[in-house]
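Presented below is the structure to which this report refers.
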Amino acid sequence: MRKQGTAVGALALLALAACGTETGAGAGSGSGFGGGAMRTDLPVIGVRWGVESVTVDGKRTAAPSGAHVEIDSKGRATGNYGCNHFTADVRIDGETITVGPGTSTSMACEKDVQRFEAAMSGAFSGELTAAVAKKTLTLTAENGDSVALTAQQPAPLTGTTWTVTTLVSGTVASSLPAGAQEKAQLSFGKDGSVQGTLGCNRFRGTAAVSGSTITFGRIDGTKMMCPAPRMKLERELLAILDGRTTYRIDHRALSLTAENGKGLGASATGTRG
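In numbering that gives the first Met the number 0, the protein residues as written are 0 to 272.
Shown next, in the form of structure tokens:
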């Protein structure tokens, strides 16, 4: 684990400070943050906050798919930058938050994602100020750097566009091949269909859902040739989308695991009406 001043952990907690107050021991008792007033007009605990973008030195960078943060009732923030997972504690004093040291995993990620992670950890350390509007949250550092977030609803299996973010082998998760980030997507229909793109070629097939399993039938697709990293990703995904798999949804994250232990992780990036 690598240590970081992960101020993003403050995202969710910040909305607890300011108007509509309670005093005394609250949800954060013993969690390490200070005795500021607790905000009650915005539901925060148990909410998945999606990171939309980070602005550093006036330059705005969109967040990778799956970047998010959420907190528990003890003030412990957990989340994902879009590649690596992180945890952090925060201290709240009115509308000012101070982020304590955090930890994150250290998977090798595509360079663009690594740059985003560096921007996040740099922009969100020390004291931050929050602005809350409806379901959005903006955190701003003293030097003007900021992060924008939006409250996210849980995603259903069907009707959601799932963007593949990781490949899994047993208990080991790895990032996608360089040049293949955010190139593969799939969506399930209520009619038992599955379609999307495997990183280059589009595909369509059948997917029978029963309990916690999805059984994939024949997959048909286009036959374009693509750069090597994207073709490698296609081969990996076709091997997973073959026969019986186990699936699990954690809010807006989907995991699919084949019987041989190979699998994928995906994040919800859109829904069909």
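All C-beta atoms in this analysis are idealised placements derived from N, C-alpha and C, irrespective of residue type, glycine included.
Its chain contains F187, V208, Y246, I248 and L253 as the residues whose beta carbon lies nearer than 8 Å to that of L156, once the 5 sequence neighbours on both sides are disregarded; these appear in chain order. Unbroken beta strand (DSSP E) stretches of 3 residues or longer found wholly inside the segment 181-228: 183-187, 192-197, 201-209 and 212-220, given in chain order. Of all C-beta pairs linking the segment 141-148 to the segment 158-165, fewer than three are shorter than 8 Å, placing the two stretches out of contact. By the neighbour-count criterion, in which 16 or more other beta carbons inside 10 Å mark a residue as buried, A87 falls on the buried side. In this structure, Q184 lies near T196, with their beta-carbon atoms less than 9 Å apart.
In this structure S266 is buried. Its beta-carbon is surrounded by 16 or more other beta-carbon atoms within 10 angstroms. Note on Q152: under 16 other CB atoms within 10 angstroms of its CB, so exposed under the neighbour-count rule. Judged by DSSP secondary structure, V112 falls within the alpha helix (DSSP H) whose first and last residues are K110 to A122. Just so you know, the alpha carbons of T205 and M223 end up roughly 21 Å apart. In the assembly as shown, K182 is a buried residue. Its beta-carbon has 16 or more other beta-carbons within 10 Å. In the three-state scheme derived from DSSP, where H, G and I count as helix and E and B as strand, L236 is classed as helix.
The segment 215-233 makes no contact with the segment 119-126: fewer than 3 CB pairs, one atom from each, lie closer than 8 Å.
Apart from the 5 residues on each side of it in sequence, H250 sits with its Cβ closer than 6 Å to the Cβ of R47 and P153 in its chain, given in chain order. DSSP places K134 in the coil class of the three-state scheme, outside both helix and strand. Annotated three-state conformation of K73 is coil, per DSSP.
When DSSP reads this structure, Q151 sits in a beta bridge with R47. A Cβ-Cβ contact shorter than 9 Å links N83 with S105.
L136 is positioned such that its CB atom lies no closer than 9 Å to that of A118.
The Cβ-Cβ distance between L240 and V167 does not fall below 9 Å.
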